[in-house]
Amino acid sequence: MSATKVVVIEDEPDILELIEYNLRREGFEVATATSGRSGLSVIGREKPDIVLLDLLLPGLDGLDVCRRLRAVDATRHLPIIMVTARGEESDVVLGLGLGADDYIHKPFSPRELVARVRAVLRRGGVRERDPERRIVRGPLAINPVKHRIKVDGRRLELTPTEFRLLHFLASHPGRVFTRGQLLDRAVGDRAVVIDRNIDVHVRAVRKKLGPHRGLIQTVRGIGYSFRDEEG
Ligand code: CA
51 MSATKVVVIE DEPDILELIE YNLRREGFEV ATATSGRSGL SVIGREKPDI VLLDLLLPGL
111 DGLDVCRRLR AVDATRHLPI IMVTARGEES DVVLGLGLGA DDYIHKPFSP RELVARVRAV
171 LRRGGVRERD PERRIVRGPL AINPVKHRIK VDGRRLELTP TEFRLLHFLA SHPGRVFTRG
231 QLLDRAVGDR AVVIDRNIDV HVRAVRKKLG PHRGLIQTVR GIGYSFRDEE G
């Protein structure tokens, strides 16, 4: 099996060097670029398995790069981890909305970085492989065909929106979704305006999860994720 290839796009030399060194040490193959535009051509040439993308880049910034990668078939599902500074939460929300898979805040430890890369590769894309597949996550058991969710063997009485929300989150453990993404996936256009506050639905689901309410985690300033037991 050939090594997993990572393209790192980062304009700060020290950080670029740190990332490259640590990924190579873990056995990854690494190609680098220091601007958005050169990053796109390196990706085209190297056909990486995953991209680490700094958000603040000269010229074409990380969000532009993300948008362009998602706009073409060859890179539509290429895993992207955004590298951001703390306080850029609104950009993270935009990036996740554009299809980035995850983000990591600077400064990060090498261990955290490598763990994040492995987790995103393990999880794969957001595409539903088999929407009818039964899901078991700790105390939670989901039967999508019967539209039924049990926790500790007890059946939850969920509204259709609550079911879709919990099913969607549990299908992608560890992945952070913005409120907008969850609205699209769980609520859609069907609901009346008053139901379009995703926090209300999350609160209701958590209440029904009782002692397991912590399965749904709040990611401050960004959104929600389902607890990843492996990550
Ligand atoms: Ca930068």
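Just so you know, we're using the numbering used here here: the sequence shown kicks off at 51 and counts up by one. Yeah, the Cβ is synthetic: ideal placement off N, Cα and C, and Gly gets one too.
Open item on the list: I'd like the span of the alpha helix (DSSP H) that includes residue 158, first residue to last.
Closed with: No alpha helix (DSSP H) holds residue 158; DSSP gives it neither H nor E.
Task: contact_flag[the segment 179-195, the segment 106-118] where n(CB pairs < 8 angstroms) is 3 or more - done: By the criterion of at least three beta-carbon pairs nearer than 8 angstroms, the segment 179-195 is not in contact with the segment 106-118.
Task: Cβ shell of residue 53 (< 8 angstroms), same chain only, five flanking positions each side left out - done: Here the set comprises 77, 78 and 79.
Task: Proximity of residue 120 and residue 90 at Cβ, strictly below 8 angstroms - done: No, these two residues do not count as a Cβ contact at 8 angstroms.
Open item on the list: Whole angstroms are fine: how far does the CA of residue 160 sit from the CA of residue 69?
Closed with: About 7 angstroms.
- [ ] Put residue 257 into one of helix, strand or coil per three-state DSSP.
- [x] The DSSP-derived three-state label of residue 257 is helix.
Open item on the list: Applying the 10 Å Cβ sphere with the 16-neighbour rule, what's the burial state of residue 152?
Closed with: Buried, since its Cβ has 16 or more Cβ neighbours within 10 Å.
Open item on the list: If you follow the beta strand (DSSP E) that residue 126 is in, where does it begin and where does it stop?
Closed with: Residue 126: not part of any beta strand (DSSP E); DSSP gives it neither H nor E.
Task: residue 281 in three-state terms, based on DSSP - done: In this prediction, residue 281 has a pLDDT of 49, which is less than 50 and means its spatial position is unreliable; nothing more can be read from the coordinates.
TODO: Using three-state DSSP, classify residue 247 as helix, strand or coil.
DONE: Three-state DSSP puts residue 247 in coil, outside helix and strand.
Open item on the list: I want to check one thing, is the minimum distance from the CB of residue 42 to the heavy atoms of ligand 1 below 7 angstroms?
Closed with: Because the chain is modelled from 51 through 281, residue 42 falls outside the range shown and cannot be assessed.
- [ ] Assuming residue 306 contacts residue 100 (C-beta within less than 8 angstroms), just tell me the rounded distance between them.
- [x] A query on residue 306 cannot be resolved here, the shown segment of the chain reaching from 51 to 281 and no further.
Task: Beta-bridge pairing of residue 196 - partner residues as DSSP gives them - done: For residue 196, which the question treats as bridged, DSSP gives no partner whatsoever.
Task: Three-way DSSP call (helix, strand, coil) for residue 163 in this model - done: Reduced to three states, the DSSP call for residue 163 is helix.
Task: residue 187 - containing beta strand (DSSP E), residue span - done: In this chain, the beta strand (DSSP E) harbouring residue 187 covers 185-187.
Open item on the list: Quick check: what's the CA-CA separation for residue 272 versus residue 232?
Closed with: Using only the alpha carbons, I get a separation of about 12 angstroms.
Open item on the list: Could you check if residue 61 belongs to the surroundings of ligand 1, using beta carbon to heavy atom distance under 7 angstroms?
Closed with: For residue 61, the shortest C-beta to heavy atom distance toward ligand 1 is below 7 angstroms.
Open item on the list: Checking the sheet assignment: what are the DSSP bridge partners for residue 55?
Closed with: According to DSSP, which records beta bridges pairwise, residue 55 is partnered with 79.
Open item on the list: Applying the 10 Å Cβ sphere with the 16-neighbour rule, what's the burial state of residue 276?
Closed with: Around the beta-carbon of residue 276, 16 or more other beta-carbon atoms lie within 10 Å, marking it buried.
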